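This report refers to the structure that appears directly beneath it.
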């Protein structure tokens, strides 16, 4: 009745923004991501022997608020599927700051789902795992596989066709890199969940966003299969700008960019103009991720660290999907 | 054969972005602006006695390049309308930096057109003046009248119904203020002219921008007539964000914002949340203009000057339309 899983964060190359079903976390559009090594969540779940559910995230007991609601809701879903009623203890550790645009909920809900279902003896395959993880956090869907992953939006109302599929193994493109820059560790003012709902309701740009997604998906799929960094990078960059355009035109406006975000954006555009091949992508937050090949990493890291607003640069390679590990956190 | 005119810059509350006819400078959408006192261009034009056209802007002879082309093109248009062929000398002075998002071409082409047509004895009314000024620079259309001005887009192919109309005199709302912050005096990397054309061609958001303009225009017209700062400010802020959304989704992306731009944006949103009523608008550049009432000016100016990226704050009131003056520049 106890299991521990580790799952990697993922960064979307084609973004997910907007739920067609907020209960089942079904998206309006498919998305594509890279599962990263280097940014991960480790979670131990034990069922049985507890009077109440206990959640400890990064050493801190979660006893109230929206975060607790989300965790209990997800645990209840897993209990319902497994037809059990035991209370559980969940301890989880991220090796990077939470809620700062670094996809902590993706690795978090993937690790949580994997550990909990294993503790209950369920032995899910990655498709089943991703369908359950999705209902904790949409982007967690994509952390259920390694390498380059597509979360296909599906069409069914029950969500059984909205899951993760692998486009390519991490070994397919071993010199692909993402540099995660840390410019702010403050939690976001508007959560993705709330922001998405407001965007769908109020942004006049949202339908234009959806209209161009299929072409972006096709370009990035082809770019991955052909290891075409230019095609992947340019498409990812333009795609993220379209998502941020829908955000800033939401009423009230959602502006995740900070001054340091723009400093990095302009620097990347300038470096690329001068021949250093790199592209940026930005999730729902202030952090910028740089897309490049391995041979550009040392030059880019040095340049990024010289920018005033950059606190840290984390170099990420294509990473594996979630794994069970024997060392429990308690 | 010699006249001198002074014209004020204007800042759009509802933006102009995109030409349906690039030759005649006919816009896809109507726009509304405030003519500002405090930021102006003075221009003296003399016809006759010159072997060639002479242009001196801010003390600098313009002898080549795109700026010269634009000036000669406009002078030729005026000569054609007046049926004259004399060469001219034009000296012009701005009291603020050119090409930094502070609408220098608006006041510049309005003063140029007024001085040149007066030097040729044409005595135009403001409608005629705005139609000719428009063909030098779109936003110059709106600098041909004082106070709150609408540039109606018109429908005709010949552009005779695309001109400036006054919504309200400057005296209608004497305590309305715009604070122009100066964060960078560098010339823009992508001119409005080039940027607009690229946006129309490549941004998937452009049609959504056009679809929402009529409602924004109506809100700002009503806000001006009712002196409703909240309605004018919120509508102007959202409208500028929509324009910038079309810019950043242009391929290649046009990102006019600088780190200091975002610093001011976030500050304005934060101050407003705390009860200090103010709104922002941003033209095609890095400069932010703050919209407020007179009683907030001293607190806002102090707060703005305390921000790291702000070099200067210029307080602007509603200003008059262009005037002839007797003191020539040469």
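Chains as they are written, first to last, in my numbering: chain E, 20 to 349; chain C, 20 to 349. Beta carbons are placed, not taken as given, at the ideal position from N, Cα and C, and that holds for glycine. Owing to the predicted nature of the structure, the values given are computational and were not obtained by experimental measurement.
One or two residues paired with residue i in a DSSP bridge
i: residue 195 (chain C); result: C:312
i: residue 369 (chain C); result: Nothing in the structure corresponds to residue 369 (chain C), since chain C is present only between 20 and 349.
i: residue 113 (chain C); result: C:60
i: residue 170 (chain E); result: E:50 and E:183
i: residue 298 (chain E); result: E:310
i: residue 319 (chain E); result: According to DSSP, residue 319 (chain E) bridges with nothing at all.
i: residue 335 (chain E); result: E:197
i: residue 74 (chain C); result: C:109
Chain C within 8 Å of residue i, Cβ atoms only
i: residue 264 (chain E); result: yes
i: residue 270 (chain E); result: yes
i: residue 279 (chain E); result: yes
i: residue 267 (chain E); result: yes
i: residue 230 (chain E); result: yes
i: residue 119 (chain E); result: Only weak support exists for where residue 119 (chain E) lies, its pLDDT of 48 falling under 50; the value from the coordinates is given anyway. No, its Cβ sits nowhere closer than 8 Å to a Cβ of chain C.
i: residue 341 (chain E); result: no
i: residue 276 (chain E); result: yes
i: residue 282 (chain E); result: yes
i: residue 257 (chain E); result: yes
i: residue 35 (chain E); result: no
Other residues of its chain near residue i: CB distance less than 6 Å, five sequence neighbours each side excluded
i: residue 40 (chain E); result: none
i: residue 109 (chain E); result: 64 and 74
i: residue 105 (chain C); result: 66 and 67
i: residue 192 (chain E); result: 246
i: residue 21 (chain E); result: 65 and 138
i: residue 217 (chain C); result: 269
i: residue 279 (chain E); result: 202 and 328
i: residue 188 (chain C); result: 166
i: residue 87 (chain E); result: 81
Min CB distance residue i to chain E below 8 Å
i: residue 215 (chain C); result: no
i: residue 347 (chain C); result: no
i: residue 290 (chain C); result: no
i: residue 261 (chain C); result: yes
i: residue 224 (chain C); result: yes
i: residue 190 (chain C); result: no
i: residue 227 (chain C); result: yes
i: residue 93 (chain C); result: no
Residue i classed as buried or exposed, judged by whether at least 16 other C-beta atoms fall within 10 angstroms
i: residue 244 (chain C); result: exposed
i: residue 331 (chain E); result: exposed
i: residue 35 (chain C); result: buried
i: residue 5 (chain E); result: In this structure chain E extends from 20 to 349, so residue 5 (chain E) is not present and cannot be described.
i: residue 313 (chain C); result: exposed
i: residue 69 (chain E); result: exposed
i: residue 256 (chain C); result: buried
i: residue 349 (chain C); result: exposed
i: residue 324 (chain E); result: exposed
i: residue 282 (chain E); result: buried
i: residue 343 (chain C); result: exposed
i: residue 211 (chain C); result: buried
i: residue 102 (chain C); result: exposed
i: residue 249 (chain C); result: exposed
i: residue 142 (chain C); result: exposed
i: residue 214 (chain C); result: buried
i: residue 306 (chain E); result: buried
i: residue 308 (chain E); result: buried
Same chain, Cβ closer than 8 Å to residue i, neighbours up to 5 away in sequence not counted
i: residue 154 (chain C); result: 43, 44, 93, 96 and 178
i: residue 225 (chain C); result: 37, 218, 219 and 265
i: residue 318 (chain E); result: 295
i: residue 99 (chain C); result: none
Sequence-distant residues of its chain with Cβ nearer than 7 Å to residue i (five each side left out)
i: residue 72 (chain C); result: 91, 94, 106 and 107
i: residue 160 (chain C); result: 149, 152, 153, 170, 182 and 183
i: residue 236 (chain C); result: 33, 49 and 51
i: residue 163 (chain C); result: 129, 145, 148, 149, 152, 183, 340 and 341
i: residue 347 (chain E); result: 21, 23 and 63
Closer than 7 Å: residue i CB and nearest the ligand MG heavy atom
i: residue 160 (chain E); result: Of ligands this structure carries none, so the ligand MG is not represented either.
The segment 219-235 of chain C in contact with the segment 274-282 of chain C per 3-pair CB rule at 8 Å: Contact between the segment 219-235 of chain C and the segment 274-282 of chain C is absent, because fewer than three Cβ pairs lie under 8 Å.
Touching by the beta-carbon criterion (3+ pairs, under 8 Å), the segment 24-31 of chain C and the segment 331-348 of chain C: The segment 24-31 of chain C is in contact with the segment 331-348 of chain C.
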